[in-house]
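One structure below.
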Amino acid sequence: MDLDFVCAHAGRPAAELTRRDVARALLAVPSGVALVALPDLRRALLAVGNPLSAPFWESAKATLGAIESGNATVGDVQRWLEATGTEPLLLTRSFFVWPEEDERGPAAGEMYRRLVAHLEERLAAGEIDPDALARGEEAAREAYEDLQEHWLNSPLPDGRVPLVAVGDEQDEELFATWDEEEAFALGELRRILAELPEPVRPVAELRAASARLRQVLAVPGYPGNVLRACAGYEGGPLPDDDEELWLTVTAGIAGPVADLSGDDTPEEFADVDGELGHEDGVLAALCAIHHADWLAVVAALARRGPGVLASPERIARLIAESDDIDVDLDDPEDLEAAEMLFGSVTPLWASLGIVDRNEILTSLGHWGLPRALERAWSPS
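So in the working numbering, spot 160 of the sequence shown is number 160, and the numbers just go up one at a time.
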């Protein structure tokens, strides 16, 4: 750990090293090694005409000492790094979070570098006081946060807004990952179903269930409003074909198409401490169930056939015991979480005739669940 190491780590000559460059290099080695190297590093930078400042060196010694003694939190270290004056804030006031360095896409990497360069320019212009930041002065910290918040939300010369550009890229990556997981799960579902006998289509049960479903969808409130949102039927006509209606709504439970509409107010959205209403909570639970869990449950029910218990408690055990997915639900808390999520599913299944009032899988559920799940995961 010497000046050459810091220069190589930062990619800059010694005379151009910033406080951030030195801090990041110090954090790249064991704290004990960094502490020992600190005096020599300070003298070496003084010799090349880049002494930095006494508050920086004092804060570096204090932070590294706290790390070495085990008294520094991750937040303490991050705040010290940000106090160098050119480190982007990990979490901004608007709750924007930069992706981890090894997880940044091209847009995030570019915007991160642009922000560092912008902060270096503002520091050189005297708009950032790193010594005040190192001393923990709140006014300096607020000004530093304001500067970064403003840059993230201001258009660049090419019209891109940094915060939006990074967010859009993260959304694209998330959707791509989701599509990959869905495609894999669909392939596994089809492989499993190909090994099983084709169940008989329960014509009378499907007709009766579809008639009840049309009544449920026509009535305001739960469960009709949730089922309409799941299927994307808000405001539109229902299909005349019973099988199309029933499969679309059942598929929507595994992959909700829309949110609830109509009753949300700006005040409800502003109340970050408020609790979700029942219907919103149900939709949130449906969206939180992983592809692997759906696959494990539907595959297990397809194998066992009508008459098997499909309560939330039993479903959680089916997931834990599944040979179709690689998941560990031995922890009681994980089992409880799965049970809670599927506690939102089984009442909806009951309204569709998939399970009866005792939460037993019906012939309709045995026939229709695999088809509905395949529909939910198939490209539209």
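All C-beta atoms, glycine included, are put in the ideal place defined by N, C-alpha and C.
Reduced DSSP category for residue i - H, G, I as helix; E, B as strand; rest coil
i	result
V297	helix
L286	helix
V345	coil
L309	strand
L89	coil
L27	helix
P162	helix
V257	coil
A229	helix
Y144	helix
E198	coil
A8	helix
M1	coil
S154	coil
S380	coil
V48	coil
D179	helix
T265	Note on T265: pLDDT 38, under 50, position unreliable in the model; no value is reported.
E16	helix
D326	coil
D334	helix
Y222	coil
S59	helix
D129	coil
Backbone CA spacing between residue i and residue j [nearest angstrom]
i	j	result
R20	E149	19 Å
R214	P197	30 Å
L27	D334	36 Å
A10	D4	10 Å
P106	A14	28 Å
A337	A284	13 Å
V29	S154	36 Å
P332	L133	45 Å
T92	L163	11 Å
V345	G109	40 Å
V297	E313	12 Å
N225	P379	25 Å
E173	I354	35 Å
P51	D146	28 Å
T265	E279	Annotation note: pLDDT 38 at T265 (below 50); position unreliable, coordinate value reported separately. Distance between the alpha carbons of T265 and E279: 15 Å.
I325	E205	31 Å
P99	D131	27 Å
V216	P223	7 Å
R371	L341	21 Å
A376	C230	11 Å
V116	V6	18 Å
D168	F175	11 Å
P55	P88	20 Å
L373	E180	16 Å
V33	A66	14 Å
R42	E16	14 Å
Y144	I128	7 Å
E359	G70	53 Å
A165	D2	38 Å
L45	A140	26 Å
D263	G255	At D263 the pLDDT is 45, less than 50, meaning the model places this residue with poor confidence; the figure from the coordinates comes in the next sentence. Their backbone Cα atoms lie some 22 Å apart in a straight line.
Below-8 Å beta-carbon distance, residue i vs any chain B residue
i	result
W151	Included in the structure is just one protein chain, with no chain B present.
Beta-ladder partner(s) of residue i, from DSSP
i	result
V203	Paired residues: none, contrary to the question.
L361	V355
V97	L91
Residue from the options whose Cα sits closest to the Cα of residue i
i	options	result
T63	A194, A23, L189	A23
A125	T92, M111, T86	T86
P157	M111, R93, R371	M111
L227	R190, L352, R207	L352
H118	L238, E180, L90, L152	L152
R357	A372, G307, L217, A376	G307
V161	A185, A139, R114	R114
W349	N71, E101, A310	A310
R304	Y144, L90, W367, C7	W367
G49	I128, T18, L301	T18
S59	S69, V77, L45	V77
E321	P347, A292, A143	A292
R317	A299, A302, E339	E339
D240	A254, W294, A211, A251	A211
G252	D323, V203, W294	W294
V257	G281, D242, G232, L238	G232
P347	V282, A299, I319	V282
Quiz item: When the Cβ atoms of the stretch 34-49 are set against those of the stretch 81-95, are three or more pairs found closer than 8 Å?
Solution: Taking a cut-off of 8 Å on C-beta distances, the stretch 34-49 does not touch the stretch 81-95, as fewer than three cross pairs fall below it.
Practice problem: Determine contact between the stretch 230-250 and the stretch 184-197, defined as no fewer than three beta-carbon pairs at a distance below 8 Å. | Solution: The stretch 184-197 and the stretch 230-250 do not touch, with fewer than three beta-carbon pairs separated by less than 8 Å.
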